[in-house]
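Below is one structure; the comments refer to it alone.
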Amino acid sequence: MAIQVTVFLAGLALGSFLNVVITRLPLGERVWAGRSRCPRCLAPIPWYDNLPLVSFFLLGRRCRSCRARISWRYPAVELAGGLLALALWARFPGGYPLLVYGPFAAGLIALTGLDLEHRWLPDVITLPGIALGLVFSLVFPHLTFLEALAGTLAGGGIFFILGWSYEKITGKMGMGGGDVKLMALIGAFLGIKSVPFVILISAALGSLVGLAAVLIQGAWRRGGWRTAAIPYGPFLAGAALLYLFGGGEFLRLLLLGD
Ligand SMILES: [Zn+2]
């Protein structure tokens with residue numbers, strides 16, 4: 000039990016750091032330097048107001064100096080960090096895959112937050128991520144290098160072709176370059192076998208949520224169906240995590256029954 004608590008707390012702390020990444024990268028600020036400040040009044044945030052999960056509620060969702068609302072994104076990302084750390088520990092207790100999938104999951108959380116808030120999957124995360132995934136396949140036995148490389152090329156390649164054709168046919172930007180690189184990153188960490196699952200499940204999740212958003216907004220009543228502009232990165236990240244936690248085996252059981 001003690002080890003699970005430690006893992007959860009480490010995950011919360013990591014989530015806290017990922018919040019810094021999500022806040023500072025779009026502002027062009029350095030991630031590693033300087034104390035956290037309130038985005039509105041710029042007052043430095045003391046450590047006791049910066050405790051993961053706890054401070055958000057103790058402060059009543061407001062900055063201590065200027066009373067500005069604090070975004071739900073902060074506790075959400077911290078909790079995601081804590082829960083994913085626990086889930087990874089449960090699946091790979093103390094094993095080397097934690098070294099591979101820990102950074103992978105952290106990257107997915109940061110990219111999800113950035114895509115939701117800024118429609119942005121920055122190269123500064125995705126490109127080193129792809130390289131790291133390929134290097135990990137050389138160092139650790141979870142994948143062969145060939146599986147990782149094929150995953151990167153197939154994942155990125157399929158998305159590139161899909162986005163390119165969509166643009167040619169409709170004249171609109173469909174899939175961003177960031178989605179292509181994120182899919183390549185997922186292929187590098189999860190291998191070629193994950194690619195069909197991740198594409199299928201992310202598309203299914205995206206369609207469901209997109210449809211729900213259109214229905215909820217009542218957008219169809221005003222001038223027909225409108226493409227709800229929902230960022231795709233979070234669905235890719237979600238599908239990748241589902242695969243990591245056994246989604247591929249589950250789907251095979253469901254479809255083939257063996
Ligand atoms: Zn403030």
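Residue 177 in numbering that gives the first Met the number 0 sits at position 178 of the sequence shown; the count goes up by one each step and never skips.
The beta-carbon is built from N, C-alpha and C at its ideal position, and this holds for glycine as well.
- Query: Counting along the chain, where does the alpha helix (DSSP H) carrying Ser164 start and finish?
  - Reply: First-last of the alpha helix (DSSP H) with Ser164: 144-169.
- Query: Smallest Cα separation from Gly94: which of Gly106, Pro140, Gly132?
  - Reply: Measuring from the Cα of Gly94, the nearest candidate turns out to be Pro140.
- Message: Tell me the DSSP secondary structure of Arg23 in three-state form.
- Response: Arg23 sits in a helix when the DSSP states are folded into three classes.
- Is Ser64 near ligand 1, with its Cβ less than 7 Å from a heavy atom? Under cutoff, so the answer is yes.
- Message: Using 8 Å for Cβ pairs, my map puts Met174 next to Tyr231. What's the rounded Cβ distance?
- Response: Yes, they are in contact, since the Cβ atoms of Met174 and Tyr231 sit about 7 Å apart, within 8 Å.
- Kindly provide the ranges of any alpha helix (DSSP H) runs that are 4 or more residues long and lie completely inside the region 26-91, ordered along the chain. Restricting attention to alpha helix (DSSP H) runs no shorter than 4 residues, the region 26-91 encloses them at 53-57, 72-90, ordered along the chain.
- Message: Beta-carbon within less than 7 Å of Cys37's beta-carbon, same chain only, minus the 5 sequence neighbours each way: which residues are those?
- Response: Within the same chain, Ile44, Cys62, Ser64, Cys65, Ala67 come within 7 Å of Cys37 by CB-CB distance, once the 5 residues on both sides are set aside.
- Item | Any non-hydrogen atom of ligand 1 within 7 Å of Arg90 CB | Checking the Cβ of Arg90 against ligand 1 gives no.
- Asp48 burial status per 10 Å Cβ neighbour count (16 or more: buried): When all chains shown are included, Asp48 counts as buried.
- Going by the C-beta, is Arg39 closer than 7 Å to any heavy atom of ligand 1? Yes, since a heavy atom of ligand 1 falls inside the 7 Å radius drawn around the Cβ of Arg39.
- Query: alpha helix (DSSP H) containing Ala236: first to last residue?
  - Reply: In the DSSP assignment, Ala236 falls within the unbroken alpha helix (DSSP H) covering 232-243.
- Task: Check Leu120 in the structure and name its three-state DSSP category.
- Result: It is coil, neither helix nor strand.
- Query: Is Tyr100 helix, strand or coil by DSSP?
  - Reply: Secondary structure of Tyr100 (DSSP, three-state): helix.
- Does DSSP classify Ala228 as helix, strand or coil? Ala228: coil per DSSP, three-state reduction.
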